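Each residue of the sequence shown is one higher than the one before, starting from 1 at the first, in full-length UniProt numbering. The next block holds one structure in the form of structure tokens; read it before the comments.
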Amino acid sequence: MTVLSKDSVQFLSVGAESAGQRLDNYLIRELKGVPKSHIQRIIRSGEVRLNKKRCKGTDRIAVNDEIRLPPIRVADRMACPDYLAIPAHEFEIIYEDDVLLVINKPSGVAVHGGSGVSFGVIEQLRRARPEARYLELVHRLDKDTSGLLMIAKKRSALVKLHESIRQNHPHKVYQALSVGFWPEKVQHVKLPLIKYTGAQGEKMVRVTGNNQEGQRAHTLFRVLQRFAGQQLYATGIKSLTLMEATLKTGRTHQIRVHMQSQQCPIAGDERYGDYQINKRLQKAGLKRMFLHASELTLPHPVSGDILHLIAPLPDELQQFLLSLPSVPD
């Protein structure tokens with residue numbers, strides 16, 4: 001790896017596109033090739049000055065703020081093996097304009113690097129669009145979930161979209177296949193959720209009966225189609241139910257855990273589903289978790305116009321449904 005030696009103090013002037021951002025996040029983006037831990041260390045030590053004053057990583061920056069940096073050895077990211085190992089990739093575009101990009105994320109691709117994953121959607125997009133000054137995830141999808149994913153192309157759009165999310169304005173609809181017979185009467189699941197660490201160190205979520213302890217979570221469910229019959233019984237599965245799940249809150253693994261709480265886990269869910277049933281479903285043709293972010297309705301972050309975006313079920317999920325014996329209405 002080659003490095004560019006920076007032997008003197010540097011000064012950065014904050015542009016309009018970065019106004020309102022946290023100082024540490026701004027420096028992490030500007031100083032590509034410098035480890036995050038080093039950036040945090042020089043801020044804590046007082047070597048970084050914001051408008052000639054000591055500062056914290058959580059401080060918000062404004063237009064024309066002056067940031068003083070100590071001498072730093074910055075890795076040349078174009079010569080960095082880790083950077084070069086990221087494959088440039090464009091994903092199916094559902095919507096794009098000057099401030100917003102919405103793609104149809106495939107299953108099996110993480111949205112960003114970390115936790116044993118060296119890169120994800122956002123790193124691949126940045127690699128494919130080197131001219132783009134700003135590309136940031138607006139929200140996240142689990143690695144094995146496919147569907148609509150929003151990426152902001154301007155800082156101002158990201159702030160507006162996050163504000164919209166806090167007010168529960170984006171209408172997010174998913175399609176999921178449950179293992180078992182989902183009762184028609186179960187439409188609203190309002191069970192609080194709490195995060196914990198699993199036996200292998202993985203991030204997990206469970207329902208908690210203590211509203212003081214868990215985060216409020218609400219999912220609206222609707223039955224779309226049922227599947228049952230001798231062909232299905234041969235696999236040891238009595239029935240499957242195609243569901244529509246609308247998020248009223250946006251908690252980690254919310255749909256997956258709420259469906260598991262009704263004894264109807266998502267087909268192919270390796271974390272919250274049944275291992276043996278998932279193996280049978282694999283043999284029957286389902287090679288992934290059946291969860292897809294299919295619809296998104298939200299006000300545009302600049303114009304305010306209502307966007308209604310749709311990503312149809314991926315071919316592999318459509319083909320699996322066609323192979324199942326449907327129950328007549």
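All C-beta atoms in this analysis are idealised placements derived from N, C-alpha and C, irrespective of residue type, glycine included. Because the structure is a prediction, the values reported are computed rather than measured.
Review point. Does the beta-carbon of G108 have 16 or more other beta-carbons within 10 angstroms, so that it is buried, or is it exposed?
Key: Numbered from 1 along the sequence shown, position 108 holds the residue referred to as residue 108. Exposed, because fewer than 16 other Cβ atoms sit within 10 Å of the Cβ of G108.
Residues bridged to Y275 by DSSP? Translated into positions along the sequence shown, residue 275 becomes position 275. Bridge partners of Y275: none, in fact.
Item to complete: Mark D305 as exposed unless 16 or more other C-beta atoms lie within 10 angstroms of its C-beta, in which case mark it buried.
Response: Numbered from its first residue, the sequence shown carries residue 305 at position 305. Under this definition D305 is an exposed residue.
- How far does the beta strand (DSSP E) with Y196 in it reach, from first residue to last? On the sequence shown, residue 196 is found 196 positions in, with the first residue counted as 1. Where Y196 is concerned, the enclosing beta strand (DSSP E) stretches over 193-197.
**Report entry** Own chain residues within Cβ distance below 6 Å of V117, not counting five before or after
**Finding:** Your numbering for residue 117 matches position 117 in the sequence shown. Excluding residues within five positions, the ones whose Cβ falls inside 6 Å are A110.
Original post:
Who are the Cβ neighbours of T58 in its own chain at under 8 Å, not counting the five residues just before and after it?
Top reply: Locating residue 58 in the sequence shown gives position 58, counting from the first residue. R22, L23, D24.
What residue range does the alpha helix (DSSP H) around I255 cover? As a position in the sequence shown, residue 255 is number 255, starting the count at 1. That run of the alpha helix (DSSP H) goes 254-261.
| task | Under 7 Å Cβ to Cβ from A141, same chain only, skipping five residues before and after it: list those, please. | result | Taking the sequence shown and counting its residues from 1, the one referred to as residue 141 is at position 141. At residue 141 the sequence reads Leu, which differs from the Ala that was named. So the list reads K105, V111, G147, L149, A293, once near-sequence residues are dropped.
Check your understanding: Given T197, which residues of its chain have a CB within under 8 Å of its CB, disregarding the five upstream and five downstream residues?
Key -> Here residue 197 refers to the residue found at position 197 when the sequence shown is read from its first residue. Once the five neighbours on either side are set aside, the close Cβ partners of T197 are K203, M204.
* In the DSSP assignment, find the unbroken alpha helix (DSSP H) run with R222 in it and report its ends. => As a working mapping, residue 222 is identified with position 222 in the sequence shown. Looking at the DSSP string, R222 is not in any alpha helix (DSSP H); the run it does join, the beta strand (DSSP E), is 219-227.
Checklist line | Residue environment, I103, which counts as buried when at least 16 other CB atoms sit within 10 Å | finding: Here residue 103 refers to the residue found at position 103 when the sequence shown is read from its first residue. With 16 or more other Cβ atoms within 10 Å, it is buried.
> How many whole angstroms separate the CB atoms of P183 and Q215, which I take to be in contact at a CB cut-off of 8 Å?
Replying inline: Position 183 of the sequence shown holds residue 183. Position 215 of the sequence shown holds residue 215. Incorrect: roughly 25 Å between the Cβ atoms, too far for contact.
Problem set entry | Distance between beta carbons of A199 and L240, contact taken as under 8 Å | For this step, residue 240 is matched to residue 240 along the sequence shown. For this step, residue 199 is matched to residue 199 along the sequence shown. Not a contact, Cβ separation roughly 29 Å.
key: Sequence ranges, alpha helix (DSSP H) only - wholly within the region 16-97, length at least 4   = 23-30, 36-44, 81-84
At what residues does the alpha helix (DSSP H) containing H139 begin and finish? One-based indexing of the sequence shown puts residue 139 at position 139. H139 -> no alpha helix (DSSP H), and no H or E assigned at all.
- Task: Determine the direct distance from the alpha carbon of T249 to that of Y207, and round the result to whole angstroms.
- Result: Sequence index remark: in the sequence shown, residue 207 carries index 207 (1-based). Sequence index remark: in the sequence shown, residue 249 carries index 249 (1-based). Rather than Tyr, the amino acid found at residue 207 in this sequence is Val. Their backbone Cα atoms lie some 14 Å apart in a straight line.
Whole-number beta carbon distance between R68 and R41, since they are thought to touch under 8 Å | What you label residue 41 is simply residue 41 of the sequence shown in a count that begins at 1. What you label residue 68 is simply residue 68 of the sequence shown in a count that begins at 1. 16 Å between Cβ atoms; not a contact.
If you follow the beta strand (DSSP E) that A128 is in, where does it begin and where does it stop?
Looking up residue 128 in the sequence shown gives position 128. Not the beta strand (DSSP E): A128 falls in the alpha helix (DSSP H), residues 121-128.
According to DSSP, is Q319 helix, strand or coil?
Counted from its first residue, the sequence shown places residue 319 at position 319. Helix, per DSSP.
Does the contact criterion of 3 or more C-beta pairs under 8 Å hold for the region 159-171 versus the region 297-304?
yes
**Message:** Please identify the residue among F91, A157, Y95 whose C-alpha is closest to the C-alpha of L125.
**Reply:** Within the sequence shown, residue 125 is the residue found at index 125, counting from 1. The option with the nearest alpha carbon to L125 is F91.
_Touch test, the region 273-293 against the region 308-320, Cβ-Cβ under 8 Å, three pairs minimum_ = yes
| Taking the alpha carbon of A19 as the point to measure from, which residue in N51, I61, K36, V121 has its own alpha carbon closest? | Working through the sequence shown from its first residue, we reach residue 19 at position 19. Ranking the options by Cα distance to A19, first place goes to I61.
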